[in-house]
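Protein chains in written order, with the numbering used here: chain A, 172 to 493; chain B, 172 to 493. All C-beta atoms, glycine included, are put in the ideal place defined by N, C-alpha and C. Heads up: the structure comes next, in structure tokens.
There are 2 protein chains.
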Amino acid sequence: MAQYFGGIDVGGTKILTIIMNEDREIVGRSKTKTPVLASGEELVQLMVGELKTALDDAKIKKNLLKSLGATFPGPVDFETGWVKDAPNLGIQSYPLQQALMDALQIPVTLENDVNAGIYGELIAGAARGYQHVVGVYPGTGIGGGIIIDGHLYRGISGGAGEVGHMKVQLEGRLCGCGQRGCLEAMASKTAIAKELVHLAMTGKAQTILEKAGSDISAIKSKHIRQSIEAGEIHVQNVVEKAAYYLGVGLANLVNIFNPQLIVLGGGLIEKLDKWILPIAQQTMRDNAMPSLVQRVEIKVAQLEDDSVALGVAALGKEAANR
Amino acid sequence: MAQYFGGIDVGGTKILTIIMNEDREIVGRSKTKTPVLASGEELVQLMVGELKTALDDAKIKKNLLKSLGATFPGPVDFETGWVKDAPNLGIQSYPLQQALMDALQIPVTLENDVNAGIYGELIAGAARGYQHVVGVYPGTGIGGGIIIDGHLYRGISGGAGEVGHMKVQLEGRLCGCGQRGCLEAMASKTAIAKELVHLAMTGKAQTILEKAGSDISAIKSKHIRQSIEAGEIHVQNVVEKAAYYLGVGLANLVNIFNPQLIVLGGGLIEKLDKWILPIAQQTMRDNAMPSLVQRVEIKVAQLEDDSVALGVAALGKEAANR
């Protein structure tokens with residue numbers, strides 16, 4: 172009897188659910204908006220419903236579903252399966268893993284979205300066939316995921332890969348984590364947006380001013396692209412400086428992991444690859460140990476939205492089989 | 172029939188050879204000075220002789236020796252088995268692995284000394300029983316070794332773990348690698364010695380002046396200890412600042428690896444642990460992600476001189492069995 176495996180990517184704005192077969196192909200799917208101010212119970216009810224919709228889409232009976240993997244847009248305690256602090260959803264603290272297992276009567280695995288995303292790239296995207304891979308996702312923050320010997324490396328409590336909080340500048344810029352000089356404080360979209368607002372307010376970034384005013388969180392990667400394409404050179408300079416910082420972070424990861432492949436993904440890379448990639452790559456090559464950097468490739472993530480749901484479905488399957 | 176495995180730690184000043192049994196215990200040993208200006212052929216001859224002496228010490232016949240692991244005090248190309256650029260020895264480029272295999276007719280593995288040392292700590296020292304471990308060895312440089320799932324992680328070409336060349340200060344102090352701001356340029360004995368010579372020359376480090384004059388490479392860790400114990404407060408300040416930088420580097424490694432254990436070793440730690448450890452540890456706790464740092468222990472390496480030879484013997488055994 173064929174077996175199937177569910178993956179649900181609960182993001183900040185949308186919930187994507189997929190059904191994966193034994194060949195790790197997507198055979199069914201469903202998509203809905205993330206609810207605002209839902210309770211834990213309501214979220215579980217919604218997730219179970221989405222799973223049913225995706226099973227129907229694939230014309231598969233519920234009893235053939237053998238496991239579920241899910242991501243959550245907030246901190247997860249991987250040892251207890253509790254989630255917390257997702258203000259958009261309205262959930263402060265909730266035993267999501269246990270509640271899903273109770274509702275579905277199958278093994279459930281929680282994972283963070285970056286780990287799931289790089290694992291998705293490993294099984295069906297840019298990292299297919301590679302053994303040692305580091306994924307770096309500059310967006311609002313900078314997430315990271317690590318593949319070692321073809322497996323996701325999670326560390327002792329599931330928290331490995333926090334590459335965004337690697338300090339590259341002692342006493343440098345303030346980071347959202349409360350520290351200073353983290354890579355994320357130098358090279359994330361948030362770091363760029365802080366500077367662009369400053370430019371907008373001083374008349375050097377007209378496009379940004381029109382699109383976002385002085386609201387940092389209103390600046391999207393596509394606005395930054397539009398601004399550069401409109402010839403706003405100060406904006407381009409800010410992005411290129413962030414690309415340089417990113418390249419230093421990549422050099423550190425090359426020196427530490429001696430990886431075969433670095434996968435870059437996330438909103439900034441998708442929209443601004445033309446300006447970020449050449450500088451990040453060159454800076455990485457200039458700053459890493461020559462014998463290590465000559466062996467590393469850089470690729471852009473390929474799966475876009477599906478990577479997280481597919482990756483977490485596969486991780487859920489693996490965990491269920493252990 | 173019992174089997175035995177050789178390990179030779181070819182260091183910059185001495186060569187330590189051990190014979191390991193199947194329980195990974197040391198049953199025989201030999202020690203000699205590293206020759207000055209030896210050719211590759213002469214080094215091989217010496218290593219074969221040392222192995223014979225260690226076998227005699229253990230009263231074991233040569234035909235029971237199943238593998239050899241060896242370290243070399245210079246760069247090793249792990250894919251070809253060539254060693255190079257060991258000016259003390261006088262070797263510019265030599266196929267050491269193949270030459271040893273030809274001479275001994277058993278499998279030979281080369282490894283860098285830090286990787287071998289942390290592996291020695293894993294099988295018989297501070298890291299025994301741990302799964303995810305990062306070893307950091309501040310000395311002339313800062314070496315690193317990584318244990319993942321109880322195995323040495325070498326990366327795609329054997330070069331993983333270059334934690335000393337992680338940049339923690341953009342455009343910071345000059346490093347021996349030619350870059351700036353590497354951890355090694357901030358927290359190694361060389362980094363400390365550069366500052367101490369300056370203090371010695373300006374009358375603020377009498378003990379250093381007496382022991383080493385203004386010669387950076389003449390400053391030993393024990394001189395630094397003597398200076399601090401003599402109340403030379405500026406010297407203590409330099410060491411404490413280096414300990415702070417080291418702590419930032421450790422925080423980065425905690426964020427990236429989420430390890431169970433960090434092992435600190437090397438000459439600086441052995442002689443100056445009293446001043447370095449509390450500050451490095453506190454800085455690590457202040458700078459790493461709280462959820463990750465609460466799970467990590469720090470220990471000092473336990474095996475001292477034996478760790479490298481024992482570790483490389485065990486790695487040689489593993490490679491031969493693959």
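Can you look up B:Glu303 in the DSSP assignment and give me helix, strand or coil? By one-based count along the second sequence, residue 303 of chain B stands at place 132. Checking the displayed sequence, the identity of residue 303 of chain B turns out to be His instead of Glu. DSSP, reduced to helix, strand and coil, places B:His303 outside both helices and strands of the structure shown, so it counts as coil.
Worksheet item: B:Val339 by DSSP, collapsed to three states: which one?
Response: The count along the second sequence starts at 1 and reaches residue 339 of chain B at position 168. If DSSP states are grouped into helix, strand and coil, B:Val339 belongs with coil.
_I need the DSSP call for B:Thr251, collapsed to helix, strand or coil._
On the second sequence, residue 251 of chain B is found 80 positions in, with the first residue counted as 1. Three-state result, B:Thr251: coil.
Original post:
Can you tell me where the beta strand (DSSP E) with B:Asp180 in it begins and where it stops?
Top reply: The count along the second sequence starts at 1 and reaches residue 180 of chain B at position 9. Unbroken beta strand (DSSP E) run through B:Asp180: Tyr175 to Val181.
*Span separating the alpha-carbon of B:Val215 from that of B:Pro430*: By one-based count along the second sequence, residue 215 of chain B stands at place 44. By one-based count along the second sequence, residue 430 of chain B stands at place 259. Going from the Cα of B:Val215 to the Cα of B:Pro430 covers about 38 Å.
Subject >> Sequence ranges, beta strand (DSSP E) only - wholly within the segment 221–288 of chain B, length at least 3 >> reply: As summarised for the segment 221–288 of chain B, the continuous beta strand (DSSP E) elements at least 3 residues long and confined to that stretch are 236–242, 253–257, 262–265 and 279–282, given in chain order.
How about A:Gly300: is its Cβ closer than 8 Å to a heavy atom in the ligand FAD? In terms of ligand content, the structure shown is empty, and the ligand FAD therefore cannot be addressed.
Check your understanding: Is there contact here, the segment 282–301 of chain A with the segment 443–460 of chain A, by at least three beta-carbon pairs under 8 Å?
Key -> No, the segment 282–301 of chain A is not in contact with the segment 443–460 of chain A.
Per-residue burial, A:Gly374 [other beta carbons within 10 Å of its own, 16 or more giving buried]:
Sequence index remark: in the first sequence, residue 374 of chain A carries index 203 (1-based). Label assigned to A:Gly374: exposed.
- Item | A:Met372 classed as buried or exposed, judged by whether at least 16 other C-beta atoms fall within 10 angstroms | Within the first sequence, the letter at position 201 stands for residue 372 of chain A. Answer is exposed; the Cβ neighbour count stays below 16.
In chain A, which residues lie with their C-beta within 9 Å of the C-beta of B:Ile318?
The count along the second sequence starts at 1 and reaches residue 318 of chain B at position 147. What B:Ile318 touches in chain A: nothing, since even the nearest Cβ is about 11 Å away.
Count the other CB atoms within 10 Å of the CB of B:Gly332; is the residue buried (16 or more) or exposed (fewer)? Your numbering for residue 332 of chain B matches position 161 in the second sequence. It counts as buried.
Going by the CB atoms, is the gap between A:Val467 and A:Ile427 shorter than 9 Å?
-> The residue you call residue 427 of chain A lines up with position 256 of the first sequence. The residue you call residue 467 of chain A lines up with position 296 of the first sequence. For A:Ile427 and A:Val467, no; Cβs fall outside 9 Å.
Discussion item. Taking the straight line between their C-alpha atoms, what separation do you get for B:Ile317 and A:Ile317?
Written reply: By one-based count along the second sequence, residue 317 of chain B stands at place 146. By one-based count along the first sequence, residue 317 of chain A stands at place 146. Looking at the backbone, the Cα of B:Ile317 and that of A:Ile317 are separated by about 14 Å.
Notebook entry, point to check: Got a sec, what are the start and stop residues for the alpha helix (DSSP H) A:Met357 sits in?
Noted result: Position 186 of the first sequence, counting from 1, holds the residue named residue 357 of chain A. Counting along the chain, the alpha helix (DSSP H) containing A:Met357 begins and ends at Leu354 to Ala358.
What residues in its chain sit with their C-beta under 7 Å from that of B:Lys393, if we drop five residues either side in the sequence? Your numbering for residue 393 of chain B matches position 222 in the second sequence. Annotation for B:Lys393: Lys442 place their beta carbon closer than 7 Å to its own, counting only its chain and skipping 5 residues before and after.
Give the interface partners of A:Arg466 over in chain B, defined as CB-CB distance under 7 Å, in chain order.
Along the first sequence, one-based indexing puts residue 466 of chain A at 295. Within 7 Å Cβ-Cβ: Ile327 and Ser328.
Determine, for B:Pro309, whether the minimum Cβ-Cβ distance to residues of chain A falls below 9 Å. As a first step, residue 309 of chain B must be located in the second sequence, where it is residue number 138. Not one beta carbon of chain A lies nearer than 9 Å to the beta carbon of B:Pro309.
**Asked** Can you name the residues of chain B whose CB is closer than 7 Å to the CB of A:Phe428?
**Response** Counting from 1 along the first sequence, the entry for residue 428 of chain A is found at position 257. Residues of chain B passing the Cβ test: Gly326 and Ala331.
Note to self: Do B:Leu463 and A:Gly420 have their beta-carbon atoms positioned less than 9 Å apart in this structure?
What the structure shows: Along the first sequence, one-based indexing puts residue 420 of chain A at 249. Along the second sequence, one-based indexing puts residue 463 of chain B at 292. In this structure, the beta-carbon distance from A:Gly420 to B:Leu463 does not fall below 9 Å.
Does chain B have any CB closer than 9 Å to the CB of A:Gln431?
Sequence index remark: in the first sequence, residue 431 of chain A carries index 260 (1-based). Closer than 9 Å to some Cβ of chain B, the Cβ of A:Gln431 qualifies, so yes.
If distances are taken between C-alpha atoms only, which option among A:Thr378, A:Ala389, A:Gln340 and A:Glu381 comes closest to A:Thr494? This structure does not reach residue 494 of chain A, given that chain A is present from 172 up to 493, and the question cannot be answered.
| As assigned by DSSP and simplified to three states, the class of A:Glu366 | Position 195 of the first sequence, counted from the first residue, corresponds to residue 366 of chain A. Three-state result, A:Glu366: helix.
In the DSSP assignment, find the beta strand (DSSP E) that holds B:Val406 and state where it starts and stops. Position 235 of the second sequence, counted from the first residue, corresponds to residue 406 of chain B. In this chain, B:Val406 is not harboured by any beta strand (DSSP E); it is covered by the alpha helix (DSSP H) spanning Ile404 to Phe428.
What residues of chain A sit near B:Val339, judged by a beta carbon separation below 7 Å? Taking the second sequence and counting its residues from 1, the one referred to as residue 339 of chain B is at position 168. The answer, in chain order, is Lys338, Val339 and Leu341.
task = Measuring only between beta-carbons, confirm whether A:His303 sits less than 9 Å from chain B.
result = Along the first sequence, one-based indexing puts residue 303 of chain A at 132. Taking Cβ atoms only, chain B reaches closer than 9 Å to A:His303, which makes this a yes.
Query raised in the report: Is any beta-carbon of chain B found at less than 9 Å from that of A:Gln473?
Result: As a working note, residue 473 of chain A is residue 302 in the first sequence. Closer than 9 Å to the CB of A:Gln473 there is not a single CB belonging to chain B.
Is the segment 244–264 of chain B in contact with the segment 175–193 of chain B, if contact means three or more CB pairs nearer than 8 Å? The answer is yes - the segment 175–193 of chain B touches the segment 244–264 of chain B, with three or more Cβ pairs under 8 Å.
### Query
In whole angstroms, what separates the C-alpha of B:Ile277 from that of A:Glu193?
For the purposes of this step, residue 277 of chain B is taken as the residue at position 106 of the second sequence. For the purposes of this step, residue 193 of chain A is taken as the residue at position 22 of the first sequence. So the two alpha carbons sit approximately 44 Å from each other.
Neighbour flag for A:Val419 against chain B, beta carbons, 9 Å: Within the first sequence, the letter at position 248 stands for residue 419 of chain A. Yes - at least one Cβ of chain B is within 9 Å of the one on A:Val419.
When the Cα of A:Glu250 is compared with those of A:Leu236, A:Gly220 and A:Leu281, which residue comes out closest? Looking up residue 250 of chain A in the first sequence gives position 79. Comparing Cα positions, the closest option is A:Leu281.
Extract the residue ranges of the beta strand (DSSP E) inside the segment 421–487 of chain B, only unbroken runs of 3 or more that lie entirely within it. You should have 432–435 and 468–471.
Item checked: Same chain, Cβ closer than 6 Å to A:Ala229, neighbours up to 5 away in sequence not counted -> Translated into the one-based positions of the first sequence, residue 229 of chain A becomes position 58. Within the same chain, A:Ala229 has close Cβ partners Ile190, Val198 and Gly199.
* Asked: Would you report the Cα separation of B:Pro206 and B:Ile186, rounded to the nearest angstrom?
  -> Stepping through the second sequence from its first residue, residue 206 of chain B is reached at position 35. Stepping through the second sequence from its first residue, residue 186 of chain B is reached at position 15. Taking the straight line joining both Cα atoms gives about 9 Å.
| task | Count the other CB atoms, across all protein chains shown, that sit within 10 Å of the CB of B:Arg129; report buried if there are 16 or more and exposed otherwise. | result | Absent from the structure is residue 129 of chain B, since the part of chain B shown begins at 172 and ends at 493.
For this session: Alpha carbon to alpha carbon, how far is B:Ala295 from B:Ser201? Give it in angstroms, no decimals.
Result: Translated into positions along the second sequence, residue 201 of chain B becomes position 30. Translated into positions along the second sequence, residue 295 of chain B becomes position 124. Going by the C-alpha atoms only, they are around 19 Å apart.
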